[in-house]
Amino acid sequence: MGLPISREQAIELLKKYNSPEDKADFNHFLESEVIMKELAKKLGEDEEYYAMLGLLHDIDWGITKEDTTKHLTKAPEILKEAGFDENFISIIVSHGYGFDCAGLKNKKRETKIEFALAASETLTGLIYAYAIMRGKKISDMETQGLKKKFKDKSFAAGCNREIIKEIENIGITIDDFLKIGIEAMKKIKNEIGLE
Ligand SMILES: [Fe+2]
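This is the structure we're talking about:
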């Protein structure tokens, strides 16, 4: 599963279609990348490939977010032009299954890597919101505290717990997944404005 571009080139691609001033969006890209990488390590899968999926999954967000039904309509051509193959592109698009965008509402994820991407990119929001609640502190965040927030549906209500739960489809428990997410995001805490 070779990748056609380097991480540096992927960051440049993100900057081309997303405004670097939209810090929250870039934080989300980096968080998705690092959780996917950590998850791949746990699964014994290709860490660079998983990381690239996380990093680029919302590549067209900056040019579609004013009309979210257009999200993922531009990503395929952007990624194809950058040299990514159909398989990579279809995995990226699968994180929009179930949402009212790009005609994906009634599609269902099926493969391990699709579940991994959707669950990982969704988990970023829960961990970030919890860190903010804790005064931006993630360095001493523990799984049990996050688990309580996971169960409290009123906390970060926009964060879809059902998608995070899709991780169970690939043999990872919620507890293990929350731990993976925290450990991963701790590694880039300074880059994403946390402590
Ligand atoms: Fe995302």
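The numbering of the sequence shown is this note's numbering, which starts it at 1 and goes up by one.
No residue lacks a Cβ here, since even glycine has one placed at the ideal position from N, Cα and C.
All values derive from a computational prediction rather than experimental measurement.
| said: If the criterion is Cβ atoms closer than 7 Å, does the pair G54 and S19 meet it? | reply: no
| message | Tell me the DSSP secondary structure of E168 in three-state form. | response | helix
| request: Could you pull the start and end residues of the alpha helix (DSSP H) that L178 belongs to? | output: 174-186
| said: Classify R7: buried if its beta carbon has 16 or more other beta carbons within 10 angstroms, exposed otherwise. | reply: exposed
| Should H95 and H71 be called a contact, given that it needs their Cβ atoms to be closer than 7 Å? | no
| So the alpha helix (DSSP H) H28 belongs to, where does it begin and stop? | 23-43
| query | Count the other CB atoms within 10 Å of the CB of K105; is the residue buried (16 or more) or exposed (fewer)? | reply | exposed
| What residues does ligand 1 have around it, judged by CB closer than 5 Å to any heavy atom, in chain order? | D58, E121
| task | Closer than 7 Å by C-beta to E38: which residues in its own chain qualify, once you throw out the five before and the five after it? Chain order, please. | result | I180, E183, A184
| query | Grouping DSSP H, G and I as helix and E and B as strand, with all else coil, what is A156? | reply | coil
| request: Tell me whether A157 is buried or exposed, calling it buried when 16 or more other Cβ atoms sit within 10 Å of its Cβ. | output: exposed
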